[in-house]
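Enquirer:
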Ligand code: PMP
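Residue numbers (our numbering): 47 to 331.
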């Protein structure tokens, strides 16, 4: 088993690969990315991840120079050649390499880089007992729906969470709670699940969509895509995060105040179990 990279369709050792100095991803964050989880040697929910990748490319006007089938093939190749069965595949496409001028270069070929690594361990206790989060101001731009490489606000927010000994920082823009620095955010109030609508102010997470379109339906849970504020969150019965790497993560403390007396609520638990079953169905059968 070894970590492995792929640059413009060719396999490379991670230690050998290099990024040209004038790659626009490197200099401007001019590109988009996706992360897909690998369970039991198979990609989970690859189609929606690739659909979102094409949407992000369109949004920032980078031409799609790889077909869906090619990208699937590259994911499979990385799994096969690395021998990694439990991991994550990172993919990014930048506008390409050109002398540093802000406007788009005339003739430039988008640059695809991918890598596979074993999954970083998420402490199983977090899943079992829940995590702490802090609320911070959302200082990002107004196109958070694009999965772009510009993650500086997210990086600073996650570091703030780390320094506060918290798992995640959830952001607040004006009167509304938007999402985590690398996850979507949900609360349960009077038995109903609430999450911020999929506007330009959040990333429409694949895990979020799975919860909305499949798990909540299968479990007959009521779910609302409606903005809510900090007092609403502080009065919530349950709270949880969702994301490809985060999966479904119970939140049991917000800004130092316990949620549900500090224990994981029943709706969050049901969703966690249903999500694990779905992974099992898609990747283990
Ligand atoms: N919001 C942000 C800002 C993220 O970075 C992520 C992780 N990519 C998510 C939400 C969750 O999205 P997904 O479920 O597609 O991983």
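Just so it is clear, CB atoms sit at the ideal spot from N, CA and C, and this is done for glycine as well. Values in this document were obtained by computation on a predicted structure and should not be read as measured data.
Is it right to say residue 187 is buried, meaning 16 or more other beta carbons lie within 10 angstroms of its own, or is it exposed?
Expert: If you number the chain shown from 1, residue 187 lands on position 141. The C-beta of residue 187 has fewer than 16 other C-beta atoms within 10 Å across all chains shown, which makes the residue exposed.
Enquirer: Does residue 268 pass the burial test, meaning 16 or more other C-beta atoms within 10 Å, or should it be called exposed?
Expert: Here residue 268 refers to the residue found at position 222 of the chain shown. Residue 268 should be labelled exposed.
Enquirer: Only counting runs of 3 or more residues, tell me where the beta strand (DSSP E) segments fall wholly within the stretch 172-222, in order along the chain.
Expert: Those beta strand (DSSP E) runs which fall completely within the stretch 172-222 and span 3+ residues are 177-183 and 214-219.
Enquirer: Below 8 angstroms CB to CB, which residues in the same chain sit around residue 222 once its five sequence neighbours on both sides are set aside?
Expert: As a first step, residue 222 is located in the chain shown; it is residue number 176 there, counting from the start. 242, 247, 273, 274 and 275.
Enquirer: Terminal residues of the continuous alpha helix (DSSP H) containing residue 255?
Expert: Position 209 of the chain shown holds residue 255. 252-256 is the span of the alpha helix (DSSP H), which, as asked, contains residue 255.
Enquirer: For a test of your reading of the model: does the CB of residue 252 fall under 7 angstroms from any non-hydrogen atom of the ligand PMP? Yes or no.
Expert: Residue 252 sits at position 206 when you count from the first residue of the chain shown. Annotation for residue 252 indicates a beta carbon within 7 angstroms of some heavy atom of the ligand PMP.
Enquirer: Could you check whether residue 292 and residue 310 sit closer than 8 angstroms to each other, using their CB atoms as the reference points?
Expert: Looking up residue 310 in the chain shown gives position 264. Looking up residue 292 in the chain shown gives position 246. It is not a contact, given that the beta carbons lie outside the stated cut-off.
Enquirer: Does the beta-carbon of residue 227, which I'm using as the reference point, lie nearer than 7 angstroms to any heavy atom of the ligand PMP?
Expert: As a first step, residue 227 is located in the chain shown; it is residue number 181 there, counting from the start. Yes, the beta carbon of residue 227 sits closer than 7 angstroms to at least one heavy atom of the ligand PMP.
Enquirer: Taking the alpha helix (DSSP H) that residue 325 belongs to, which residues open and close that run?
Expert: Translated into the one-based positions of the chain shown, residue 325 becomes position 279. Looking at the DSSP string, the run of the alpha helix (DSSP H) that includes residue 325 is 312-329.
Enquirer: Pick out whichever of 89, 294 and 194 has its Cα sitting closest to the Cα of residue 134.
Expert: To locate residue 134, count along the chain shown from 1; it is residue 88. Out of 89, 294 and 194, the CA that lies nearest to the CA of residue 134 is found in 89.
Enquirer: Can you list, in chain order, the stretches of the alpha helix (DSSP H) that have 4 or more residues and sit fully within the stretch 275-315?
Expert: 276-280
Enquirer: Given this structure, state the Cα-to-Cα distance separating residue 249 from residue 331, to the nearest angstrom.
Expert: As a first step, residue 249 is located in the chain shown; it is residue number 203 there, counting from the start. As a first step, residue 331 is located in the chain shown; it is residue number 285 there, counting from the start. Cα to Cα, residue 249 sits roughly 30 angstroms from residue 331.
Enquirer: Determine the direct distance from the alpha carbon of residue 62 to that of residue 153, and round the result to whole angstroms.
Expert: By 1-based counting over the chain shown, the position of residue 153 is 107. By 1-based counting over the chain shown, the position of residue 62 is 16. Approximately 27 angstroms, taken between the alpha carbons.
Enquirer: Within 8 angstroms, do at least three Cβ pairs link the stretch 175-191 to the stretch 140-156?
Expert: no
Enquirer: Whose C-alpha, out of 91, 66 and 212, is nearest the C-alpha of residue 118?
Expert: In the chain shown, the residue the question calls residue 118 occupies position 72. With distances taken between CA atoms, residue 118 lies nearest to 91 out of 91, 66 and 212.
Enquirer: Can you tell me where the alpha helix (DSSP H) holding residue 237 begins and where it ends?
Expert: Your numbering for residue 237 matches position 191 in the chain shown. From DSSP, residue 237 is part of no alpha helix (DSSP H); its letter is neither H nor E.
Enquirer: Of the residues 145, 131 and 295, which one's Cα is nearest the Cα of residue 83?
Expert: As a working note, residue 83 is residue 37 in the chain shown. Out of 145, 131 and 295, 131 has the C-alpha closest to the C-alpha of residue 83.
Enquirer: Ordered along the chain, which non-local residues of its own chain (more than five positions away) have a Cβ less than 7 angstroms from that of residue 100?
Expert: The residue given as residue 100 occupies position 54 in the chain shown. So the list reads 110, once near-sequence residues are dropped.
Enquirer: Given a threshold of 16 other Cβ atoms within 10 Å of its Cβ, counted over all protein chains shown, does residue 304 qualify as buried or as exposed?
Expert: To locate residue 304, count along the chain shown from 1; it is residue 258. Per the 10 Å Cβ criterion, exposed.
Enquirer: Is residue 288 near the ligand PMP, with its Cβ less than 7 angstroms from a heavy atom?
Expert: What you label residue 288 is simply residue 242 of the chain shown in a count that begins at 1. Yes, since a heavy atom of the ligand PMP falls inside the 7 angstroms radius drawn around the Cβ of residue 288.
Enquirer: Which runs of the alpha helix (DSSP H) at least 4 residues long sit entirely within the stretch 62-125? Give them in chain order.
Expert: 70-74 and 92-105
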